[in-house]
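Here the structure is laid out as structure tokens; the discussion comes afterwards.
Numbering (our numbering), first residue to last: 620 to 772.
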């Protein structure tokens with residue numbers, strides 16, 4: 620019994636945390652979050668900015684289209700849209716072709732928010748990549764798209 624315990628412990632200590640993709644992605648995510656909050660501020664979230672960008676690029680998108688564009692699950696997206704409607708950043712209109720569906724639009728207030736924040740959002744993206752040599756940045760982004768299932772290897 621004792622040997623099994625030692626064996627398990629030695630396996631655990633042999634695990635290289637700094638080689639574990641899940642751990643490194645979590646740490647990178649934390650750095651991204653901190654940079655966003657520091658540079659953009661805390662009055663809008665990264666997810667809200669992503670949703671505003673997606674809607675500004677595809678006005679009138681349905682909630683299902685937004686799921687595909689952003690990667691948010693349906694329930695998270697629905698809650699987020701509700702909060703953003705309350706803040707008057709987006710508005711819903713019934714789809715004339717399907718009365719069960721909504722078409723989403725960025726409001727003038729949402730457009731003003733994007734105009735105010737986009738230079739800072741771009742700076743965050745630059746700062747995220749800043750530690751990487753320039754020749755590796757496109758490779759890194761491609762690897763992320765592959766891991767996210769957005770591109771084939």
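Cβ atoms here follow ideal geometry from the backbone N, Cα and C, with glycine treated the same way.
Measure the beta-carbon distance from residue i to residue j and round it to whole angstroms, keeping in mind my assumption that it falls under 8 Å.
i           : j           : result
residue 671 : residue 732 : 7 Å
residue 759 : residue 766 : That pair is no contact at about 11 Å.
Candidates the options: which alpha carbon is nearest residue i's?
i           : options               : result
residue 709 : 651, 719, 728 and 661 : 728
residue 707 : 676, 699 and 654      : 699
residue 714 : 756, 678, 635 and 634 : 678
Considering only residues of the same chain and omitting the five flanking positions on each side of residue i, which have a CB-CB separation below 8 Å?
i           : result
residue 761 : 770
residue 674 : 680, 685, 709, 723, 724, 725 and 729
residue 696 : 670, 682, 685, 686 and 689
Please list, in chain order, all residues of the same chain as residue i whose beta carbon is under 6 Å from its beta carbon, the five residues on each side excluded.
i           : result
residue 764 : 770
residue 632 : none
Spatial neighbours of residue i within its chain, please: CB distance less than 7 Å, with the 5 preceding and 5 following residues excluded, ordered by chain position.
i           : result
residue 740 : 659 and 668
residue 651 : 747
residue 736 : 659, 663 and 668
| query | Is there contact between the stretch 683-703 and the stretch 638-658, where contact requires at least three CB pairs shorter than 8 Å? | reply | no
| query | Given 8 Å as the limit, is there contact between the stretch 672-688 and the stretch 722-741, that is, 3 or more CB pairs closer than that? | reply | yes
| request: Give a yes or no on contact between the stretch 737-746 and the stretch 757-772, applying the rule of three or more CB pairs nearer than 8 Å. | output: no
| Runs of alpha helix (DSSP H) wholly within the stretch 667-716 (minimum 4 residues, chain order) | 682-689 and 693-705
| Any alpha helix (DSSP H) of 4 or more consecutive residues that is wholly inside the stretch 722-748 | 727-748
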